[in-house]
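Undergrad: Sharing a structure, written as structure tokens. Questions coming.
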Amino acid sequence: MGQRFTQSNLNMSGYETDVDLTAGQNYTTAGSSIPVDGVDEVLVFAKGTGADAASSGTVTFYVAYSYDGTTFTTESDAIVMTLNANNPVRAKPVSLWIKGCKALKVIRMVNGDATYGVNDVNAQFVSQG
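Using our numbering, you'd call the opening residue of the sequence shown number 58 and step up by one each time.
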């Protein structure tokens with residue numbers, strides 16, 4: 058039987074290791090399936106670091122839902138993180154109401170900076186306690 062999380066103990070990364078995105082990259086490798094059965098609301102924190110002092114623009118994370126734990130929606134919620142040169146960014150969290158959902162997954166990330174890459178990109182899923 059799969060792991061069941063409660064409101065106070067979900068804290069998982071969207072990808073097992075941070076991802077480096079090239080300039081303008083549409084990264085379509087899906088992340089880890091985040092089990093959320095029993096969780097009503099989750100905060101998603103996006104993070105990354107521009108590869109250059111002139112890095113600008115956004116990175117968009119697309120989060121899909123699964124109501125059976127296996128099949129994920131083809132439509133997703135977009136979470137946007139704004140780059141700040143080559144400074145590490147921890148974006149303001151986005152709250153997702155997920156009651157009845159069995160799993161979440163980052164299905165795609167897009168680097169909106171057409172000139173520079175972004176390093177150490179990931180999303181953290183944390184439940185509200």
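We put the beta carbon where it would ideally sit given N, CA and C, even for glycine.
Among all the DSSP beta bridges, which residues are the ones paired with Val178?
TA: As a working mapping, residue 178 is identified with position 121 in the sequence shown. Answer by DSSP bridge pairing, in chain order: Val76.
Undergrad: Beta-carbon separation of Ser70 and Asn179 under 7 Å?
TA: The residue given as residue 70 occupies position 13 in the sequence shown. The residue given as residue 179 occupies position 122 in the sequence shown. Yes. Within cutoff.
Undergrad: Taking just the CA atoms, how far does Thr130 sit from Lys159?
TA: Here residue 159 refers to the residue found at position 102 of the sequence shown. Here residue 130 refers to the residue found at position 73 of the sequence shown. Each residue's Cα considered, the two are about 12 Å apart.
Undergrad: Could you pull the start and end residues of the beta strand (DSSP E) that Pro145 belongs to?
TA: The residue you call residue 145 lines up with position 88 of the sequence shown. Here the beta strand (DSSP E) through Pro145 covers Pro145 to Arg147.
Undergrad: Take the Cβ of Asp125 as the centre, count every other Cβ of all protein chains shown within 10 Å, and call the residue buried at 16 or more, exposed below.
TA: Walking along the sequence shown from the start, residue 125 turns up at place 68. The residue is exposed, with fewer than 16 neighbouring Cβ atoms inside 10 Å.
Undergrad: Tell me whether the beta-carbon of Ala80 lies closer than 7 Å to the beta-carbon of Ala171.
TA: In the sequence shown, the residue the question calls residue 80 occupies position 23. In the sequence shown, the residue the question calls residue 171 occupies position 114. Going by C-beta atoms, Ala80 is nearer than 7 Å to Ala171.
Undergrad: By Cβ distance, which residues of its chain are closer than 6 Å to Val151, with the 5 residues on each side in sequence left out?
TA: Against the sequence shown, residue 151 aligns to sequence position 94. Here the set comprises Val101 and Ile136.
Undergrad: Quick one: give me the first and last residue of the beta strand (DSSP E) that Ala142 is part of.
TA: Stepping through the sequence shown from its first residue, residue 142 is reached at position 85. That residue, Ala142, is in no beta strand (DSSP E); it is neither H nor E in DSSP.
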